[in-house]
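Engineer: So the number in our numbering is just where the residue sits in the sequence shown, counting from 1, plus 6.
Ideal Cβ positions, reconstructed from N, Cα and C, are used throughout, including at glycine.
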Amino acid sequence: MAAWWYFLWSSYYIDVLLFEENDIMKKGIAKAVRIIYEEFSAFHLRLVIVQMLVFLLPANVGSRIRVRLLRLIGFEIGNGTVMWGMPRFVGKGDIYGRLTIGDGCWFNVGCHFDVAAPISIGNTVAFGHEVLLLTNSHHIGATDQRAGPLVAKPIVVGSGAWLGARCTILPGVTIGEGAVVAAGAMVTKDVAANTMVAGVPAKAIRELDVYYVHNAA
Ligand SMILES: CC(C)(COP(=O)(O)OP(=O)(O)OC[C@H]1O[C@@H](n2cnc3c(N)ncnc32)[C@H](O)[C@@H]1OP(=O)(O)O)[C@@H](O)C(=O)NCCC(=O)NCCS
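(1) For the segment 186-200 against the segment 167-174, do three or more pairs of beta-carbon atoms, one drawn from each stretch, fall closer than 8 Å, so that the two count as touching?
(2) Less than 8 Å between the CB atoms is what I'm expecting for R40 and I79, so what's the real figure, rounded?
(3) With a CB to CB cut of under 8 Å and the five nearest residues on each side skipped, what residues in its chain are close to G68?
(4) Drop a sphere of 10 angstroms on the beta-carbon of A65, count the other beta-carbons inside from all chains shown, and report buried for 16 or more, exposed for fewer.
(5) Confirm the yes/no value for this check: CB of M89, any heavy atom of ligand 1, distance under 8 Å.
(6) Would DSSP call A132 helix, strand or coil?
(7) Mapping the DSSP letters down to three states, classify A38 as helix, strand or coil.
(8) With C-beta atoms as the reference, is W90 less than 9 Å away from V115?
(9) Pull up the CB-CB distance for G134 and G108, whole angstroms please, since I reckon it's below 8 Å.
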């Protein structure tokens, strides 16, 4: 009789352990994996090391050191480009492969590159202080969560352009070659080449003269 009760109890216990609790365990593991992915998919060890190495460099000092270190960890940055402060790079996955910067560019302090989609910057482009390049946005969602599913679109900045301090470039925008974006502008649409834009949202102020100093024919 005791053996019979033992058999019944143990088969019940095995059932709970192997099936019901296992199901709970599987859900728990899946949740833990999701949380770990969410927390660490934007962690870039090489970038963290470089950020720590240049942490003590004051602004405007070591502008070429920052560039060399970023190149060393896999960013494609052309010759003669300088960074007077370390830009902030954010994004998940291969951010190194999504950013290309040409030759002879200047980056002022506090620039922010959201590299969820590719960012392509031409040659001799100048960035003012705290320029914000945003490749990420959301589809408009339901009333209780308007920030719906993520959508990422590339940004292109043509050669020779000048982006004034604290301007914001939204996802999908192309800044034409030789364009000027005034300080504080909010650029929501493509900017034609050799055009100056300003304001929120940015509007064309005037067309700029076209002449060359770097590649004079
Ligand atoms: C864009 C900029 C270069 C314009 O210089 P400019 O050709 O001399 O233009 P003007 O000063 O003649 O201004 C032309 C018009 O644009 C307006 N304007 C200029 N800069 C503006 C700005 N940042 N936002 C909104 N409007 C602006 C002016 O008010 C003027 O409007 P009006 O014709 O109605 O009077 C300059 O205003 C600017 O934003 N510089 C960036 C500074 C910076 O980022 N420094 C960091 C160093 S990289």
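Structural biologist: Judging by the given coordinates:
(1) yes
(2) With a Cβ gap of about 28 Å, R40 and I79 do not count as contacting.
(3) V60
(4) exposed
(5) no
(6) strand
(7) helix
(8) yes
(9) About 18 Å; that fails the 8 Å criterion.
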